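To keep things clear, I will list the structure first and then write my remarks on it.
In the working numbering, the protein residues as written are 44 to 302.
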């Protein structure tokens, strides 16, 4: 057996093991009879081909894309999203004009925003606007357009027209999936293009996504982001985060924050 065919056979076996529930690097190394570093290289190759997704310390099989409703997303990974929201809120200076996307993770940013400073918040998300509507020092601008049943965010010609009326100091975007090369994955082309338009109007683009969003997923559409965007996430495989840094993405997560 050639080296190439042996590698292919080993990776096929790893894929079967992951699908059957063996997902830790150390366990996969024992089953395959190779070193953990070899397993990590194999998992990276399988991830690049879209056959599985790496997690912290292991891997998981890739499920077909399904857009979850907002209520379902709000209930998922709440502590991770809260940590992401706190990090993101610390980036906002007094007097800034910011865009806050629709979504469950951006909602955590809103929870952590300082209420004692002047801000202009532009949003396409109904829940985001309602959460800030009673704040006397926050000027809330709700972008109109076609309302998404999944995200409770607006898209379409009216949304794009509204976005083009502003320039943002910071834009905080949610995501169904994130990739260092492709950008932000979305359920529709309209959602993806809306986020591209926001990023084009912003001095700095910040994507808020927990570690589960950083694996390859078969999302229907991608929003391309300007070079040098920022990712705020929770604890994740360091090797995966390094791929983002190598692509020119600034990465912020709890371990990068000083007390």
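We treat Cβ as the ideally placed atom computed from N, Cα and C, and that holds for glycine.
Remember, it's a predicted structure, so these values are computed and weren't measured experimentally.
- In the displayed model, residue 149 falls within a helix according to three-state DSSP.
- A check of alpha carbon separations from residue 288 across 223, 254, 296 identifies 223 as the nearest.
- The continuous stretches of alpha helix (DSSP H) do not include residue 177, and DSSP gives it neither H nor E.
- Separation of residue 98 and residue 147 (C-alpha to C-alpha, rounded to the nearest whole angstrom) is 21 Å.
- With respect to the C-alpha of residue 298, the residue from 172, 280, 286 having the closest C-alpha is 280.
- Under a 10 Å Cβ-count criterion, residue 250 is classified as buried, with 16 or more other Cβ atoms of the shown protein chains found around its own Cβ.
- Across the structure, residue 175 and residue 229 are spaced so that their CA atoms are roughly 25 Å apart.
- In terms of Cα proximity to residue 81, the closest of 49, 218, 59 is 49.
- Contact between residue 253 and residue 127 holds: CB atoms are separated by about 6 Å, below the 8 Å threshold.
- According to the DSSP assignment, residue 58 belongs to the alpha helix (DSSP H) that extends over 46 to 62.
- The secondary-structure analysis by DSSP pairs residue 229 across a beta bridge with 264.
- Residue range 213 to 216 is occupied by the beta strand (DSSP E) that includes residue 214.
- Pairing residue 226 with residue 140, the inter-Cα distance amounts to about 23 Å.
- The C-alpha of residue 75 lies about 8 Å from the C-alpha of residue 56.
- Excluding five sequence positions before and after residue 286, the CB atoms of its chain that fall closer than 6 Å to its own CB belong to 223, given in chain order.
- Residue 185 holds the alpha-carbon nearest to the alpha-carbon of residue 208 among 221, 185, 63, 192.
- Across the set 193, 278, 145, 159, the C-alpha of 145 shows the shortest separation from the C-alpha of residue 238.
- Residue 179 has its alpha-carbon roughly 32 Å from the corresponding atom of residue 236.
- From the listed residues 256, 257, 202, the smallest Cα separation to residue 234 is found for 202.
- Inclusion of residue 132 and residue 156 in the CB contact set at 8 Å is warranted, their separation being smaller than that value.
- With contacts defined as CB atoms closer than 8 Å, residue 217 and residue 276 fail to qualify as a contacting pair.
- For residue 196 and residue 53, the gap between their C-alpha atoms comes out near 44 Å.
- Rounded to the nearest angstrom, the gap between the Cα atoms of residue 272 and residue 69 is 34 Å.
- DSSP places residue 121 in the helix class (H, G or I) of the three-state scheme.
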